[in-house]
Amino acid sequence: MESFGDLVAADDVLLFVNAAITATGQREFHSDAGAQRLSLEFLHAYMLGNYRDLYAGVLALDINDHNAALIVRGLLETSAEATAEQRRSEGRLIAGRLALLPPQRVYGLFRALRRAGVNNRRTRALLRDWLAARPDLAFDAVKYRSGLKQALRHAHLASAGDELGTFLFAPLSRAHYDTPILETWRRAHYEQAAVYELPYTVAEGFAAKHGIPRAVFLERIAPRLTRLETLRLQEAAVRQGAAAVAVDLARMPLTRLAGYVLSLPASERVERRDELTGALRAAAARVAGAHRGTWGQVTAVLDDSFSSYGSGVKRRRPLVVALACHYLLEALAGRYAGLWTSGRRDALLAHPVGPTPLGERILDALETAPDRLVIVSDGWDNAPPGLAAEVLRVWRTRLDPERRTSVVHLNPVYDADDFDVRRLAPSVPTAGVRDAEDLPALVEIAQFAEGRTGLAELTAYLDARAERLAAVPGQRANGGAR
Numbered sequence: 003m004e005s006f007g008d009l010v011a012a013d014d015v016l017l018f019v020n021a022a023i024t025a026t027g028q029r030e031f032h033s034d035a036g037a038q039r040l041s042l043e044f045l046h047a048y049m050l051g052n053y054r055d056l057y058a059g060v061l062a063l064d065i066n067d068h069n070a071a072l073i074v075r076g077l078l079e080t081s082a083e084a085t086a087e088q089r090r091s092e093g094r095l096i097a098g099r100l101a102l103l104p105p106q107r108v109y110g111l112f113r114a115l116r117r118a119g120v121n122n123r124r125t126r127a128l129l130r131d132w133l134a135a136r137p138d139l140a141f142d143a144v145k146y147r148s149g150l151k152q153a154l155r156h157a158h159l160a161s162a163g164d165e166l167g168t169f170l171f172a173p174l175s176r177a178h179y180d181t182p183i184l185e186t187w188r189r190a191h192y193e194q195a196a197v198y199e200l201p202y203t204v205a206e207g208f209a210a211k212h213g214i215p216r217a218v219f220l221e222r223i224a225p226r227l228t229r230l231e232t233l234r235l236q237e238a239a240v241r242q243g244a245a246a247v248a249v250d251l252a253r254m255p256l257t258r259l260a261g262y263v264l265s266l267p268a269s270e271r272v273e274r275r276d277e278l279t280g281a282l283r284a285a286a287a288r289v290a291g292a293h294r295g296t297w298g299q300v301t302a303v304l305d306d307s308f309s310s311y312g313s314g315v316k317r318r319r320p321l322v323v324a325l326a327c328h329y330l331l332e333a334l335a336g337r338y339a340g341l342w343t344s345g346r347r348d349a350l351l352a353h354p355v356g357p358t359p360l361g362e363r364i365l366d367a368l369e370t371a372p373d374r375l376v377i378v379s380d381g382w383d384n385a386p387p388g389l390a391a392e393v394l395r396v397w398r399t400r401l402d403p404e405r406r407t408s409v410v411h412l413n414p415v416y417d418a419d420d421f422d423v424r425r426l427a428p429s430v431p432t433a434g435v436r437d438a439e440d441l442p443a444l445v446e447i448a449q450f451a452e453g454r455t456g457l458a459e460l461t462a463y464l465d466a467r468a469e470r471l472a473a474v475p476g477q478r479a480n481g482g483a484r
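If you count the sequence shown from 1, position 439 lands on 441 in my numbering, and the numbers rise without skipping.
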């Protein structure tokens, strides 16, 4: 039998997981960046101080990169407080998570550790192993030159004796480099053609140095762009008079694709309806995989109220997640109905508008007698306030006490005041969501919040996820570099 302390610990961990999935320390619709950062810092300090093992175990879950880096930093800064066994298990988790982080995030993490004076043997060993696993350090030397220099110094690996060391610490002292990308960087100082053989972020500086017109540069650098760079530069290319940067919809992940679709004017979405809808459904089918069509009757309540705009730094993020979840749930369901809070029936034309009548839409959803009801919302039920909680309470206690219908609330927004994502009702499990791709795993995590699942079961789940993390090292080690 679980003790009261174990139940509190389980609730604390689930609360922290929700924050680690959704919070990035940036402004949200209902709170500014300062409140977000302060709230998140408190949660990290509380978890590290009270539940070190569980805090480290969260690295194995689908949390966002910002919080993964904060956890790694917290563990390494407090190495002296850990036992030998804790250091061993933490080392495996940290190494596995570093392999999944984008390289710029890892270089930034070790830069922060260096500034904080954290240079213990474990930190240096982790950094050495991560650098040894990098697929192309010469590429890193060009794209992340400052970060790599500091990392080598931090790990006591700095050396100017070889070509890479010369490039990092005295780059213009050689008349020729044997490594192609290093030689291309050297030639780009005086040869414009070489600029277009470099990564975009590096080439941009050389383009300014040579006075290359922006429109010309954007057109010629297009083949070197990553997916994310392509999305960011599409509108810029049009503004500068260049041809629009082509976006390969077939290669885009579901949530990124939903963000791209919502960035388009409504008229263009209508004009490209078949293309965009086909791409969204294909991306959703890839995510659903073997589970496609296996979830039975699914009804979703999707929040497209005005607060789904998010903020200037996270523009339309809640709506992007809702749209991506809509198409993924459609793929997972045997039969599916998607109900938007605005009453809109055309998901492709979704945009933030109006209040949040969650209670009314939940009533409509329950009338469809679904096997699963999934609510994707920031939880600010305000038309009228509190109706959603009352509907769900009556449904659970009076109309469906046998839980024939599974109900889960997925919330893409961290509530800084409550140190958690905003919940709709005590009887309904709530999980934070960052990307729609994580939806199946989040529904699994949400079950731990239903019926106050104990610490032993939650710990076993974290251990299982840690084993999976250790079994696939480096799966994204090259993903963020090119």
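Cβ atoms here follow ideal geometry from the backbone N, Cα and C, with glycine treated the same way.
Query	Result
C-beta contact flag for Leu-444 and Ala-433 at 8 Å	yes
Sequence-distant residues of the same chain with beta carbon closer than 6 Å to Ala-448, five excluded per side	Val-410, Pro-431, Ala-433
Neighbourhood of Val-315 by C-beta distance below 7 Å, restricted to the same chain and skipping five residues each side	Gln-28, Arg-29
Ile-377 (DSSP reduced to helix, strand or coil)	strand
Helix, strand or coil at Tyr-192 [DSSP, three-state]	coil
Host beta strand (DSSP E) of Gln-38 (start-end)	Taken as a continuous stretch (DSSP letters only), Gln-38 belongs to no beta strand (DSSP E), being part of the alpha helix (DSSP H) at 35-52.
CA-to-CA distance, Ser-379 to Ile-23, given in whole angstroms	15 Å
Reference His-191, options Asp-180, Leu-227, Gly-213, closest by Cα	Gly-213
Residue span of the alpha helix (DSSP H) that contains His-499, given as start and end	Not covered by the structure: residue 499. The range shown for the chain is 3 to 484.
Residue environment, Asn-69, which counts as buried when at least 16 other CB atoms sit within 10 Å	buried
Nearest-angstrom Cβ-Cβ length linking Leu-42 and Ala-21, presumed shorter than 8 Å	6 Å
Where the alpha helix (DSSP H) through Trp-382 begins and ends	Unbroken run through Trp-382: none, as it is neither H nor E.
Among Thr-407, Leu-360, Leu-330, the one whose alpha carbon lies nearest that of Pro-442	Leu-330
Same chain, Cβ closer than 6 Å to Gly-295, five either side skipped, listed in chain order	Gly-336
DSSP-derived helix/strand/coil call for Arg-425	coil
Span of the alpha helix (DSSP H) around Tyr-109	105-117
Beta-carbon proximity list for Ile-223, same chain, < 6 Å, skipping 5 on both sides	Tyr-198, Tyr-202, Ala-205
Sufficient close CB pairs (3 or more, under 8 Å) joining the stretch 72-87 to the stretch 47-58	yes
Asp-13, DSSP secondary structure in three states	helix
Proximal residues to Gln-152 (C-beta, below 8 Å), its chain only, five neighbours per side dropped	Tyr-109, Phe-112, Arg-113, Arg-116
C-alpha distance - Ala-25 paired with Val-415, whole-angstrom precision	7 Å
Leu-299 in three-state terms, based on DSSP	One detail in the question is off: residue 299 reads as Gln in this sequence, not Leu. If DSSP states are grouped into helix, strand and coil, Gln-299 belongs with the strands.
Cβ-based burial, Pro-359 [other Cβ within 10 Å; buried from 16]	buried
Buried versus exposed, by CB contacts within 10 Å (16 or more), Glu-469	exposed
Beta-carbon gap between Pro-104 and Asp-67 smaller than 8 Å	yes
Pick from Leu-16, Glu-362, Pro-255, Thr-301 that is closest to Glu-439, judged by C-alpha positions	Pro-255
Residue environment, Pro-267, which counts as buried when at least 16 other CB atoms sit within 10 Å	exposed
Of the listed residues Ala-140, Glu-92, Ser-33, nearest to Glu-185 (C-alpha basis)	Ala-140
Under 8 Å between C-beta atoms of Leu-235 and Leu-220	yes
For Arg-406, the three-state DSSP class (helix, strand or coil)	coil
Coil, strand or helix - Thr-279 by DSSP	helix
Cβ shell of Ala-285 (< 6 Å), same chain only, five flanking positions each side left out	Leu-256, Leu-259
Same chain, Cβ closer than 8 Å to Leu-200, five either side skipped, listed in chain order	Val-144, Ile-183, Thr-186, Trp-187, Ala-190, Phe-208, Arg-226
Identity of the residue in Gly-59, Ala-37, Arg-374 nearest Ala-466 by Cα	Gly-59
Through-space distance from Val-218 to Val-240, alpha-carbon basis	Interpretation of Val-240 is limited by its pLDDT of 47, a score under 50 that renders its predicted location unreliable; the figure taken from the coordinates is listed afterwards. Val-240 and Val-218: Cα-Cα distance of roughly 12 Å.
Same chain only: Cβ atoms within 6 Å of Ala-390, ignoring 5 sequence neighbours per side	Leu-360, Gly-361, Ile-364, Asp-383, Leu-426
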